[in-house]
Structure formats: C-alpha cells, structure tokens
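**Student:**
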Amino acid sequence: MKRGHLTGRWLAAALAAAVFSAASLSGCAGEEKGADTGNGASGEKEITVAVNSETGTLDPAGSIALTYLSYSVTALDELLTYDENGEIEYRAAESYEVNEDSTVWTFHLRENALWSDGTPVTAEDFLNTIRRALDPASGSGYAVYLFPIENAEEIYDQEASVDTLGVDTPDDHTLVFRLEEPCVYFLDLLRLPVYTPSCAKYADSVDSGWDKDPETSLANGPFMLAEYVPDQYFVLEKNEFYWNQDAVRLDRIIYRFFDDTQAMAAAYETGEVDVAVSLPSSVMELYEGRDDLLVTEQIATRYIYFNLDVEPFDDVRVREAFNLAIDREELCRILGEDTEPTYNLVAKYMIDKNTGMRFVDEAEQPFGENAERARELLAEAGYPDGEGFPEITYSYPTLEMDSDTAQVIREQLKKNLNIDIELKAQELQANYSSRHAGDFDLCRMNWTADFADPYTYLSMLLSNSTYNCSGIHDEEYDAIVEASGSEQDPAARSVLLHQAEQRAVGEQFYIIPLYAMKSV
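Using mature numbering (1 follows the signal peptide of the UniProt record, and there is no 0), the letters of the sequence shown map in sequence onto residues -29 to -1, 1 to 491.
#1: How many whole angstroms separate the CB atoms of tyrosine 213 and valine 219, which I take to be in contact at a CB cut-off of 8 angstroms?
#2: Who are the near neighbours of cysteine 170 in its chain, counting only those whose CB is closer than 6 angstroms to its CB and skipping five residues on each side?
#3: Considering leucine 306, what are the terminal residues of the alpha helix (DSSP H) in which it resides?
#4: Buried or exposed for proline 461, going by 16 or more other Cβ atoms inside 10 Å?
#5: Count the other CB atoms, across all protein chains shown, that sit within 10 Å of the CB of valine 379; report buried if there are 16 or more and exposed otherwise.
#6: Between the region 356 to 367 and the region 329 to 342, can you find at least three pairs of beta-carbon atoms closer than 8 angstroms?
#7: So for tyrosine 448, helix, strand or coil by DSSP?
#8: Could you check where the beta strand (DSSP E) with glutamine 397 kicks off and where it finishes?
#9: Please confirm whether arginine 474 and isoleucine 275 have their CB atoms less than 8 angstroms apart.
#10: At which residues does the alpha helix (DSSP H) containing threonine 326 begin and terminate?
#11: Return the CA-CA distance between threonine 272 and methionine 488, expressed in angstroms with no decimal places.
#12: Are three or more beta carbon pairs between the region 57 to 76 and the region 193 to 207 nearer than 8 angstroms?
#13: By the three-class DSSP mapping on this structure, what secondary structure does phenylalanine 338 have?
#14: Since tryptophan 418 and tyrosine 426 are thought to touch, with beta carbons under 8 angstroms apart, how far apart are those beta carbons, to the nearest angstrom?
#15: Name the residue from Ala238, Gln233, His444, Asp245 whose alpha carbon lies nearest to the alpha carbon of arginine 223.
#16: Rounded C-beta distance between alanine 94 and aspartate 143? I'm assuming under 8 angstroms.
#17: In this structure, does DSSP put valine 20 in helix, strand or coil?
#18: Going by DSSP, name the residue or residues bridged to threonine 145.
#19: What number of angstroms, rounded off, separates the C-alpha of leucine 316 from the C-alpha of leucine 432?
#20: State the Cα-Cα distance for the pair threonine 52 and leucine 160, rounded to the nearest angstrom.
#21: Exposed or buried, which one is aspartate 424 when buried takes at least 16 other CB atoms within 10 Å?
#22: For aspartate 286, does the three-state DSSP call read helix, strand or coil?
#23: Taking asparagine 70 as the reference, give the member of Pro153, Ser434, Met328 with the closest Cα.
#24: Indicate the three-state DSSP secondary structure (helix, strand or coil) for isoleucine 322 in the structure shown.
#25: Is it the case that the Cβ atoms of alanine 114 and threonine 437 are separated by a distance below 8 angstroms?
#26: Secondary structure at arginine 102, three-state DSSP: helix, strand or coil?
#27: Among the residues of its own chain, which have a CB less than 8 angstroms from the CB of phenylalanine 229, if the five just before and after it don't count?
#28: Taking DSSP as the reference, what is the three-state secondary structure of lysine 4?
#29: Verify whether the separation of the beta carbon atoms of serine 109 and alanine 32 is less than 8 angstroms.
#30: Do alanine 342 and asparagine 387 have their C-beta atoms closer together than 8 angstroms?
#31: On the DSSP bridge list, what partners appear for asparagine 417?
#32: Among residues of its own chain, excluding the 5 on either side of threonine 8, which ones have a beta-carbon nearer than 8 angstroms to its beta-carbon?
#33: Can you grab the Cα-Cα spacing for the pair leucine 150 / lysine 16, in whole Å?
#34: Could you give the first and the last residue of the continuous beta strand (DSSP E) run that contains serine 66?
#35: Count the other CB atoms, across all protein chains shown, that sit within 10 Å of the CB of arginine 304; report buried if there are 16 or more and exposed otherwise.
#36: Please name the residue, chosen from Arg162, Tyr314, Gln383, that lies closest to isoleucine 392 on a Cα-to-Cα basis.
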C-alpha cells in the first residue's frame, strides 16, 4: 500500500472509504498490505496508522479520545450518514420519518443488526449512550448536542428526571426523538458519538474500563476491538456479525500511539506504519512533490481561549487589544504553507451548503489587525505601554506547531503591547484537563468540524455549552444562535449565524482566531 498523511476527522473519513469503497485508503491508492509484506496473515489486508497519544476514552458517552473519531467510524454504526454527494446513507437505521412540524423523528432500525458477540442491537442501546452522556459525571463534551431533545438540557443540569427525556423506544427496532423545537441540523447531529449505541449489557459507566476491554467493548460496525495496550496501540479486527460485512475490504486496523511527531514521521519512513497523521510543516516540506503526500483544506480553526473569570480578560478592551496586536500573516509565514490566517471562529474552508460559497466570505471580516489601536485600548483599560499588566500564562500542548505558535505570539505581544507572558507546554491530556477545569489564563484550542454547519463552531460559545471553558455568559449571543437552529429559511438563518459570529468574534472578542490549517 502506498502510504500517506492524514489528520483528525479527515482520517476518519478516509478510513470509512478504505473500509467500504473499491478504492484503497483515500489519497493513498495502491495494493493493500498482505502476505507479501510479512505484516499480516496470508491474504489478510491490514493497515497501521500512527496517531497522537491517547487522551481519553472510547466510550461514546464519555470524554472521548482524539482517536475515537477514527475508531467510531469503523466500530460503531451511527443511524445514518451522508455520502460525498450529500445523499443520505443508512447505517444502523434503514428508514425514518418526521412529523409535519419537524419535532418528532422516528427511526426504524435494521432488524438484522447484531453486536460483535452475535446479540441483537436494540433501540435501548442507543438510549443507553444518550442517558449516560447526560450525566455530567460522564465528562462528555458532546452532551450539548443532545440539548435539542426534549428535557435533555434540564436533565444534564439535574433539574429534571432522566425519565422525562424525549427519547422513546416503543419496540426493539424503533427509536423516537421528541425535540424541544424544530432543529434544521438534527440529521447532522446523528453522526456524533452521543447518538451512537453502546451495548446496555456492558456499558454502564465511563470509568469501569468496559470500553477498552475486547470482551465488553462490543461493536455494531464493520470492525470490533480486538486488543488494547495502554500507551502503545490498539487493534480493530473485522466484525463477522456486521450486517454489511461483504462490503468490508480490510481485515485489521492497527492504531499506534506516538507522543512525538518526529518519531511518527520516522516510523512512517521505516515502514512501521502505513499512515501518519497531524505531521508539522517541517515534516511536510520533506515530502513536497511526493505522491504519498496528501494535503487537503481542513475544516478546522486554531484559536485561543480567554479565561473571562481571570483579570484582565474580563475587560473586552484587553481582549480586543490582544486580537489586534497579533500579526497572523507573520505567524503563518513562520509556521509554514499548511496554515492560512483567519479572523473567524467558523472554519475558513467551510462551505455554505445553500450558496456554495465559503461561509466566512459571505460577510465582512469581523476585525483587522492594528497594533496602534491595540496599544490605545490597553491604555484605556488601565495598562499604558503594558505598565501594571498582571502575570499571565499561555497553556498549549507539546506539539511542534503549537510550540512554534506560542513563541511567535509571545514575541508579538511583547513587541506590540510591551506585555510579557509565560509559556506553559503540557501533554495533551493535561492541557485538555486544565482547559476544561478552567485552570488557565490563555489556552490553545483547535476545533475540526463535526458536521458541515457553522453551528458546530458557534455552539461552543453558548452559555450552556459543555465546550465553553471561558466562562462566557452572553444572553444576546445565546438568543441569536438558538434562533438560527429553528430558522427554516436558509437566507434568514445565514444572517443569524453571521450576526452571532460578529458579536462573539468582532464585538466581544471572546476568542483569538489564529489560522486555518491544511491536512497533511
């Protein structure tokens, strides 16, 4: 197999193609690894994928690992998904209907769908994931995407009993969702982890270890967990009970964990792995012009969270000053060709499905850089020429790109605002944990779209969002975003979405957008 570089959710999409399509791993066409390579049993087809070290669980209701997004597409069948043309592809469901006002969605599950131990997949298994995700103790960042369901938010806030949840299972193969109000992106949400099943027989809590034990981590998708060795690797093997197993092309997928991107690149070069993901620009340059390099526009935004509960970031003038003082063009020149400046939260490369244009190009840029105005704002906030500015720390993961970004930002803030910031490099898990605990001043954040709608970004800043780590409480913003969810007219909805982003990014400056990225 010719090998290539993919990243994040794009890896998940490519693996889906490898599993089902007549082509090999997307962007890496060639012969599969088999007996001729010595890396698999005779005639078996397998790939080995290098990924960043684990940061969580494989439980769809829990604080999911980064690698879960690749695991899920191969081990867990969602109700339905979309093909490359935007057409519905049924997976665990075989049909659905919706009532006239789009508040009741009824899904009919495949009666021949089995778990990897041969037992039937039932509607109760889908409900099991949803109920557990709505327990705050689960740590699910995706719980917020369940809130369109009747009483889901109240249950999460422990203001209502789980028995009032708007999900019904009238029989083993029927799953009914009752929504608070129409939700135009509801079908998109069904591809998220919290809407996939977890076997009610074993999946009881997020900390019992069932999700990484092959005996209890059952799969209803094309692959099942065969082995999990913490900090080293895990193995997925073909699920012989999968309803569509004849369409599955691979026999095995091996994920190997790497702490260091240079080690990942070295493993790729020596043939230890077939695919390496999330490689930095310095590695990308070595592969320029080679046919095993895959570079695509990634629907992702790298940005910085302010902690609004920490002085001086409770002052919008300081937040605006920081935004205006950072030279994103210079930052991207230093980082490399796989980055492009952005002034938006919504991903630069996200396409508006109704217009065919990039969403961010449909409205004016929220703000522009202006170091002189940044200094004026800082003075107005009581810190002329940076005088008296409190000690602050920028926290970020120990990845090459993030380390380089941190150095540039520190230099630019010193040059343009005469402010010194401390840098705090953390392992991925530590960075994730401190961010969600609110234990930071400035913190690096990256978000790759879970579905092709701006809501996946704008929802993160809602007051009730499980991803709102900044302490943002903005009723006006909440109202605009929530109105966009039920607006049926595409043009009117687009206006609301742009209004929401302008308020968050161009008026209140809740984040510091940095750059869009290309997948390498």
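Glycine included, each C-beta is placed from N, C-alpha and C at the ideal position. This structure is a prediction, so every number in the text was calculated from the model and none was measured.
**Tutor:** Considering the structure as presented:
#1: Working through the sequence shown from its first residue, we reach residue 213 at position 242. Working through the sequence shown from its first residue, we reach residue 219 at position 248. Sure, about 7 angstroms apart at Cβ, within 8 angstroms.
#2: If you number the sequence shown from 1, residue 170 lands on position 199. The answer, listed in chain order, is Trp86, Asp96, Leu189.
#3: Your numbering for residue 306 matches position 335 in the sequence shown. Unbroken alpha helix (DSSP H) run through leucine 306: 299 to 306.
#4: If you number the sequence shown from 1, residue 461 lands on position 490. An exposed status is given to proline 461, since fewer than 16 other beta-carbon atoms sit within 10 Å of its beta-carbon.
#5: Counted from its first residue, the sequence shown places residue 379 at position 408. Classification for valine 379: buried.
#6: no
#7: Position 477 of the sequence shown holds residue 448. For tyrosine 448, the three-state secondary structure derived from DSSP is helix.
#8: As a first step, residue 397 is located in the sequence shown; it is residue number 426 there, counting from the start. Per DSSP, glutamine 397 belongs to the beta strand (DSSP E) from 392 to 397.
#9: Residue 474 sits at position 503 when you count from the first residue of the sequence shown. Residue 275 sits at position 304 when you count from the first residue of the sequence shown. It is not a contact, given that the beta carbons lie outside the stated cut-off.
#10: Locating residue 326 in the sequence shown gives position 355, where the first residue counts as 1. Counting along the chain, threonine 326 falls outside any alpha helix (DSSP H), and DSSP gives it neither H nor E.
#11: As a first step, residue 272 must be located in the sequence shown, where it is residue number 301. As a first step, residue 488 must be located in the sequence shown, where it is residue number 517. Answer to the nearest angstrom: the Cα atoms are 7 angstroms apart.
#12: Contact between the region 57 to 76 and the region 193 to 207 is absent, because fewer than three Cβ pairs lie under 8 angstroms.
#13: The residue labelled residue 338 in the question sits at position 367 within the sequence shown. Phenylalanine 338: coil per DSSP, three-state reduction.
#14: What you label residue 418 is simply residue 447 of the sequence shown in a count that begins at 1. What you label residue 426 is simply residue 455 of the sequence shown in a count that begins at 1. No, tryptophan 418 and tyrosine 426 are not in contact; Cβ-Cβ is about 12 angstroms, not under 8 angstroms.
#15: Indexing the sequence shown from 1 puts residue 223 at position 252. It is Asp245 whose Cα lies nearest to the Cα of arginine 223.
#16: For the purposes of this step, residue 94 is identified with residue 123 of the sequence shown, where counting begins at 1. For the purposes of this step, residue 143 is identified with residue 172 of the sequence shown, where counting begins at 1. Confirmed, about 6 angstroms.
#17: Residue numbering aside, residue 20 sits at position 49 when the sequence shown is read from its first letter. It is a strand residue.
#18: Working through the sequence shown from its first residue, we reach residue 145 at position 174. Its beta-bridge partners are His79, Asp142.
#19: Residue mapping note: residue 316 aligns to position 345 of the sequence shown, counting from 1. Residue mapping note: residue 432 aligns to position 461 of the sequence shown, counting from 1. Cα to Cα, the separation comes out at about 10 angstroms.
#20: On the sequence shown, position 81 is the one that residue 52 refers to. On the sequence shown, position 189 is the one that residue 160 refers to. Each residue's Cα considered, the two are about 10 angstroms apart.
#21: Sequence index remark: in the sequence shown, residue 424 carries index 453 (1-based). Answer is buried; the Cβ neighbour count reaches 16.
#22: Residue numbering aside, residue 286 sits at position 315 when the sequence shown is read from its first letter. Aspartate 286 falls in the coil class under three-state DSSP.
#23: As a working note, residue 70 is residue 99 in the sequence shown. Among Pro153, Ser434, Met328, the Cα nearest to that of asparagine 70 belongs to Pro153.
#24: Here the question's residue 322 lines up with position 351 in the sequence shown. Reduced to three states, the DSSP call for isoleucine 322 is strand.
#25: One-based indexing of the sequence shown puts residue 114 at position 143. One-based indexing of the sequence shown puts residue 437 at position 466. Yes.
#26: Residue 102 sits at position 131 when you count from the first residue of the sequence shown. In this structure, arginine 102 counts as helix in the three-state DSSP scheme.
#27: Mapped onto the sequence shown, residue 229 falls at position 258. Around phenylalanine 229: Ala21, Val22, Asn23, Ser24, Met235, Ala238.
#28: The sequence position of residue 4 within the sequence shown is 33, counting from 1. Here the model assigns lysine 4 a pLDDT of 36, short of 50, so the residue's position is not dependable, and the following value carries that caveat. Correct three-state label for lysine 4: strand.
#29: Start at 1 with the first residue of the sequence shown, and residue 109 comes out as number 138. Start at 1 with the first residue of the sequence shown, and residue 32 comes out as number 61. Yes. Within cutoff.
#30: What you label residue 342 is simply residue 371 of the sequence shown in a count that begins at 1. What you label residue 387 is simply residue 416 of the sequence shown in a count that begins at 1. Against a cut-off of 8 angstroms, the Cβ pair of asparagine 387 and alanine 342 comes out as a contact.
#31: Looking up residue 417 in the sequence shown gives position 446. In DSSP, asparagine 417 forms a bridge with Arg273.
#32: As a working note, residue 8 is residue 37 in the sequence shown. For threonine 8, the pLDDT reaches just 39, beneath the cut-off of 50, and the residue's location in the model is therefore unreliable, although a value from the coordinates is still provided. Hits under 8 angstroms: none found.
#33: As a working mapping, residue 150 is identified with position 179 in the sequence shown. As a working mapping, residue 16 is identified with position 45 in the sequence shown. Those two C-alpha atoms are separated by around 43 angstroms.
#34: For the purposes of this step, residue 66 is identified with residue 95 of the sequence shown, where counting begins at 1. Note, serine 66: beta strand (DSSP E), 64 to 69.
#35: Residue numbering aside, residue 304 sits at position 333 when the sequence shown is read from its first letter. The residue in question, arginine 304, is exposed, as its Cβ has fewer than 16 Cβ neighbours within 10 Å.
#36: The residue you call residue 392 lines up with position 421 of the sequence shown. The shortest Cα separation from isoleucine 392 among Arg162, Tyr314, Gln383 belongs to Gln383.
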